[in-house]
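Residue numbers (the numbering used here), protein chains in the order written: chain A, 1 to 190; chain B, 191 to 338.
Have a look at the structure below, then the notes.
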Amino acid sequence: MIRLTALLAVLAAPGLAEEGRFSAGSEAKAWGVAGEEPARFTGRVVDILCELTGNCVDGCGDGARQMGILRDADGVLVLAAKNSQPAFTGAARELAPFCGQMVEVDGNLVGDTELMPAKFYQVQTIRPLEAEEAVRANRWTKVWAELNPDATGKGPWFRRDASIGAQIALEGYLGLGPETDKAFIDEWFE
Amino acid sequence: MRTAALIAALALPLPAVAAGERVEITGEVIDTWCYFSGVMGPPDAVTGSAHHTCAMWCAAGGIPVGLRADDGSVYMVMKWEEETGASGSPGILEIQSDLVTATGDLYERDGINYIVVADVVDNSGIVNVNHDEWGVVPPFAIPESAAQ
């Protein structure tokens, strides 16, 4: 029933289901994820909370708010969910520096449309329309390192992030408390 | 300089603001990238206790958090009480994988449900205990050093 509802929603939303409509000229790298289609398009970078509710702040929140691209061709608000790094990192910090600007983005539309009618976007490059060169959407970890100078040691950011570490210390990797964790870990690494 | 900035600001198109619909949603807080992309497995594997650590990583990384209702609908969280949607704050990490009931304003736009959560009415904690079925997803979510 959910899948039928989703399918009907897709059919009822012109522009959302036209597979490959924005693929021409895309140089996006394939990630091999569900519903993936390369997509290069132009649009205006927006703070989604501002776009939907009128609650707007300077600089689109500097990466603390979810960002989207209001696509020129059809006026669709494309949710930018992911940047180009394979590191559990979103797109807000990549797009916020371009808040309000007209840009050309390249990346992949992604998503299982049986679960949700519209796809969201994995942005790989961003080019302000007046610029010749695009920038790669991969600054998240660099910004994290600047914001967390005390997070020393080896390993990727998510192993060294203090907030994540504190939450794991409190509720465990499974989120069910240290005792449940211990029992599972003993078995998991047996 | 200030005049130029003002002119530029006035030239920007205004957002297409519409009133949200007040709703109360009960659902699990999920990591939307892994859920919709299938990058780590089927939807059931990337929810609950099995995916809890990865959900925290993604939330801290600013990937949109979702609220998955019992009927399968997913609401993209743009604000969670006082926390903004990509803040990755401790408050956002704390609720990952929890079953919550929240009231807020729903905005449906271009095939996506967006929610601005005003109040969390109830939080039952993690109810979807699925690590016995799926292990941890991804398997490296727990480092070997945790076993020592």
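Just so you know, even glycine gets a beta-carbon here, dropped at the ideal spot from N, CA and C.
All values reported here derive from a predicted model rather than from experimental measurement.
Rounded separation between R212 (chain B) and Q124 (chain A) - CA only: Spanning the alpha carbons of R212 (chain B) and Q124 (chain A) requires a straight line of approximately 35 Å.
Contact set between E271 (chain B) and chain A, taken where Cβ atoms lie within less than 9 Å: Near E271 (chain B) there are no residues of chain A at all, since even the closest Cβ is about 13 Å away, more than 9 Å.
Test: R212 (chain B) CB closer than 8 Å to a CB of chain A: R212 (chain B) does not count as touching chain A.
Simplified DSSP assignment, three categories, for W31 (chain A): In this structure, W31 (chain A) counts as coil in the three-state DSSP scheme.
V307 (chain B) versus G325 (chain B) - alpha carbon distance: Near 31 Å, if we compare the C-alpha coordinates of G325 (chain B) and V307 (chain B).
8 Å Cβ cutoff met for I69 (chain A) and A81 (chain A): Going by C-beta atoms, I69 (chain A) is not nearer than 8 Å to A81 (chain A).
Outcome for P254 (chain B) when other beta-carbon atoms lying within 10 angstroms are tallied against a minimum of 16: Buried, since its Cβ has 16 or more Cβ neighbours within 10 Å.
Same chain, Cβ closer than 8 Å to N303 (chain B), neighbours up to 5 away in sequence not counted: When the five nearest sequence neighbours on each side are left out, the beta carbons in the same chain lying within less than 8 Å of the beta carbon of N303 (chain B) are those of S263, V264, Y265, M266, L296, Y297, in order along the chain.
Assigned exposure category for D312 (chain B) - 16 Cβ within 10 Å defines buried: The Cβ neighbour count for D312 (chain B), taken over all protein chains shown within 10 Å, is under 16; the residue is labelled exposed.
8 Å Cβ cutoff, D58 (chain A) in contact with chain B: Answer no: the Cβ-Cβ gap between D58 (chain A) and chain B never drops below 8 Å.
Cβ of I185 (chain A) within 8 Å of any chain B Cβ: Yes, contact with chain B.
Contact set for G25 (chain A): own chain, Cβ-Cβ below 6 Å, skip 5 residues either direction: Around G25 (chain A): R40.
Other residues of its chain near T89 (chain A): CB distance less than 7 Å, five sequence neighbours each side excluded: Result list for T89 (chain A): N83, W140, T141, in chain order.
At least three beta-carbon pairs within less than 8 Å, the region 91-105 of chain A to the region 51-71 of chain A: Flag = yes, the region 91-105 of chain A and the region 51-71 of chain A touch.
CB contact below 8 Å: K82 (chain A) versus chain B: Closer than 8 Å: yes.
A259 (chain B), enclosing beta strand (DSSP E) - first and last residue: If you look at A259 (chain B), you'll find it in the beta strand (DSSP E) that goes 255-259.
At least three beta-carbon pairs within less than 8 Å, the region 214-225 of chain B to the region 233-246 of chain B: Judged by Cβ distances under 8 Å, the region 214-225 of chain B makes contact with the region 233-246 of chain B, as three or more pairs qualify.
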